[in-house]
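Let me begin by presenting the structure, written as structure tokens, before commenting on it.
In my numbering, the protein residues as written are 3 to 703.
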């Protein structure tokens with residue numbers, strides 16, 4: 003077995019690999035850029051090596067520096083994590099030449115599957131279903147328009163070496179192709195060093211299903227079930243689950259056997275994922291097509307670990323060391339249900355714009371014990387290790403795997419690579435953490451997610467916690483009738499918070515009034531006041547949205563709008579959360595003091611509660627509302643980023659919807675369009691400028 007492992011990645015995946023390495027008794031080495039000098043993965047490692055400045059192209063993507071760090075520290079193996087380097091054949095070969103084990107597939111398999119165009123040809127030859135499309139060389143935009151017309155709209159343009167939602171554009175018309183083809187080439191070149199693009203038919207009402215495969219160097223290859231990854235935004239996965247609510251046992255077997263056939267055709271070993279696009283309208287289970295094979299560990303791997311009981315990172319390490327899998331396809335079983343939500347640094351209330359900044363407050367929900375089975379003990383159904391996100395040096399203890407219908411109700415796991423006080427940088431992926439829940443049933447796993455999201459505290463950069471909670475509560479998601487168009491279809495006007503029913507609003511009014519009473523009671527206890535100490539108000543007027551609620555607080559209970567409310571809670575001024583019991587249900591509410599009341603956040607929505615003593619509330623009707631200024635004549639930068647292109651100049655006439663500028667943030671290009679017709683009065687920025695959020699790019703007449 004290996005003695006020292008260098009993790010050629012950053013963030014939560016670097017921490018994830020190190021936790022398993024430590025459990026196996028393997029020393030760890032971290033590499034880092036200047037932006038990550040105090041990051042958790044650096045602090046967790048036994049040794050660390052600086053690579054260079056923050057941009058990935060000057061640090062994490064430099065294979066020579068990674069190899070040099072391994073040699074200097076005496077590391078005998080390298081784990082690439084999610085793939086800063088895992089899709090580079092040359093790096094895997096260089097590791098072999100240097101006598102350092104590469105924890106991943108052989109270079110030939112990386113080369114075969116890393117090129118999306120060639121991989122589709124190989125898949126077709128191996129008997130795998132492929133999507134109709136054009137896999138040849140595309141000369142220019144006019145050629146792309148011609149090809150798209152021959153295939154038939156809608157079509158998807160993809161960077162050949164792309165992944166993670168980058169370098170992808172959906173085109174419904176010739177105009178979409180003309181606008182998006184060059185951008186797709188640029189994103190492919192910037193992110194992957196390859197500007198080749200291929201075009202394929204877009205499957206409507208699609209579901210994104212992927213098969214996890216695992217092989218060893220002795221010819222054994224198995225599939226570990228499927229993951230449903232259909233909840234996506236801009237082709238970036240947001241929610242993943244295992245198994246899929248759509249896939250039948252017959253489909254699972256057909257998909258799995260094709261995935262294994264493809265892996266076998268390229269001599270594959272280690273962990274890999276075969277991604278499939280599935281027609282949601284095809285109830286026969288035969289309408290699935292090969293998209294690509296990711297020759298690395300996937301971000302969503304924890305849900306597979308949860309339902310199989312296997313530690314995939316441990317398997318990768320053991321396979322790289324030459325050990326056999328130790329189990330066969332017949333030994334693989336799927337138990338219960340697992341769901342993963344990706345917590346991103348983005349603002350769903352502002353069109354999901356990327357957000358950066360310091361994590362002023364970061365307090366994830368407490369993780370439960372996560373059982374994994376050792377490969378050698380899979381048949382006995384016993385796990386050899388206990389791994390939690392907050393105890394990276396957890397001792398190996400016997401732990402039974404969760405059994406559906408058994409005593410274990412479920413568990414929560416948080417995979418992260420950030421700390422309170424750390425920075426979310428514009429140079430890397432915006433993911434802050436992954437929240438994973440396991441339960442015997444899908445509904446129970448969803449409910450666990452909702453409760454855990456309510457407990458997740460993040461202050462500083464914007465985050466998508468409210469949006470994730472709204473997804474978990476959405477009737478269509480809970481029914482399992484989802485497609486990759488779910489978010490666009492269900493939130494066409496953007497996200498404005500999850501709807502709250504009357505019962506929840508009345509409960510929030512009670513919590514706000516109770517908190518106001520506690521604040522007033524503390525104020526009356528301050529020493530040195532003149533006269534008698536006043537009693538805190540007992541009657542309150544609470545406005546949430548357009549609704550006004552009368553709340554009475556007494557030792558006998560809480561009355562809202564004349565009716566008793568069955569609620570029990572505690573609040574001390576300064577608390578960040580309130581734990582309430584509503585009858586038989588528990589409710590966690592994040593609470594923040596504001597001028598005139600509180601902001602209450604729970605169940606996927608933030609609610610501003612204006613709280614006034616009942617005798618003062620009528621006077622508020624005479625206050626004049628502040629009218630926000632009209633900023634429609636300005637083109638503002640919606641997020642911190644780099645101005646890549648400016649399409650207009652002073653004096654130009656523009657039409658509504660016309661592209662005006664392109665801003666790059668977190669490796670993605672964002673086209674800014676005119677909201678209305680007009681004439682450009684002045685330009686305040688130039689291509690190459692680094693812009694802050696709300697910086698004025700240009701002004702209209």
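All residues carry an ideal CB built from backbone N, CA and C; glycine is no exception.
Model, not experiment: these values are computed from the prediction.
C-alpha gap between residue i and residue j, whole angstroms
i, j, result
"residue 363", "residue 279", "39 angstroms"
"residue 333", "residue 214", "15 angstroms"
"residue 586", "residue 351", "32 angstroms"
"residue 12", "residue 33", "8 angstroms"
"residue 568", "residue 511", "13 angstroms"
"residue 537", "residue 548", "29 angstroms"
"residue 114", "residue 124", "8 angstroms"
"residue 500", "residue 612", "20 angstroms"
"residue 602", "residue 573", "13 angstroms"
"residue 562", "residue 446", "31 angstroms"
"residue 338", "residue 473", "21 angstroms"
"residue 620", "residue 550", "11 angstroms"
"residue 528", "residue 520", "13 angstroms"
"residue 506", "residue 492", "22 angstroms"
"residue 183", "residue 190", "11 angstroms"
"residue 188", "residue 302", "27 angstroms"
"residue 545", "residue 438", "36 angstroms"
"residue 588", "residue 509", "12 angstroms"
"residue 17", "residue 85", "14 angstroms"
"residue 273", "residue 318", "6 angstroms"
"residue 514", "residue 541", "12 angstroms"
"residue 331", "residue 227", "10 angstroms"
"residue 616", "residue 525", "18 angstroms"
"residue 690", "residue 674", "16 angstroms"
"residue 697", "residue 206", "38 angstroms"
"residue 90", "residue 122", "18 angstroms"
"residue 298", "residue 83", "7 angstroms"
"residue 583", "residue 571", "6 angstroms"
Residue i (DSSP reduced to helix, strand or coil)
i, result
"residue 193", "helix"
"residue 97", "helix"
"residue 417", "strand"
"residue 275", "strand"
"residue 203", "strand"
"residue 341", "strand"
"residue 90", "coil"
"residue 41", "coil"
"residue 21", "helix"
"residue 235", "strand"
"residue 536", "coil"
"residue 291", "strand"
"residue 481", "helix"
Residue i classed as buried or exposed, judged by whether at least 16 other C-beta atoms fall within 10 angstroms
i, result
"residue 220", "exposed"
"residue 160", "buried"
"residue 655", "exposed"
"residue 335", "exposed"
"residue 466", "buried"
"residue 436", "buried"
"residue 622", "exposed"
"residue 386", "Below a pLDDT of 50, predicted positions are generally treated as unreliable, and residue 386, at 33, falls in that range; no measurement from the model is reported."
"residue 686", "exposed"
"residue 534", "exposed"
"residue 729", "Outside the shown range of the chain, which is 3 to 703, sits residue 729, and nothing can be said about it."
"residue 300", "buried"
"residue 174", "exposed"
"residue 627", "exposed"
"residue 710", "This structure leaves residue 710 out entirely; the chain is present only between 3 and 703."
"residue 169", "buried"
"residue 609", "buried"
Contact belief for residue i with residue j at Cβ below 8 angstroms, rounded distance in angstroms
i, j, result
"residue 158", "residue 355", "With a Cβ gap of about 24 angstroms, residue 158 and residue 355 do not count as contacting."
"residue 353", "residue 496", "6 angstroms"
"residue 140", "residue 201", "7 angstroms"
"residue 179", "residue 147", "5 angstroms"
Is it the case that the region 412-422 contacts the region 36-50, given that we only count it when at least three CB pairs across the two stretches are under 8 angstroms?
Taking one beta carbon from each stretch, the region 36-50 and the region 412-422 have 3 or more pairs nearer than 8 angstroms; the two touch.
Touching by the beta-carbon criterion (3+ pairs, under 8 angstroms), the region 627-636 and the region 647-655:
No, they do not touch.
Three or more C-beta pairs under 8 angstroms: does that hold for the region 88-104 against the region 246-258?
Taking a cut-off of 8 angstroms on C-beta distances, the region 88-104 does not touch the region 246-258, as fewer than three cross pairs fall below it.
Per the contact definition of three or more C-beta pairs closer than 8 angstroms, is the region 222-242 in contact with the region 342-349?
Short answer: they touch.
Spell out a yes or no on whether the region 450-458 and the region 585-600 are touching, meaning 3 or more CB-CB pairs, one atom from each, closer than 8 angstroms.
Contact between the region 450-458 and the region 585-600 is present, because at least three Cβ pairs lie under 8 angstroms.
Would you be able to state if there are at least three C-beta pairs under 8 angstroms between the region 201-211 and the region 471-485?
Short answer: they touch.
How do the region 71-82 and the region 46-58 stand: do at least 3 beta-carbon pairs fall below 8 angstroms, yes or no?
Under the three-pair Cβ rule at 8 angstroms, the region 71-82 counts as touching the region 46-58.
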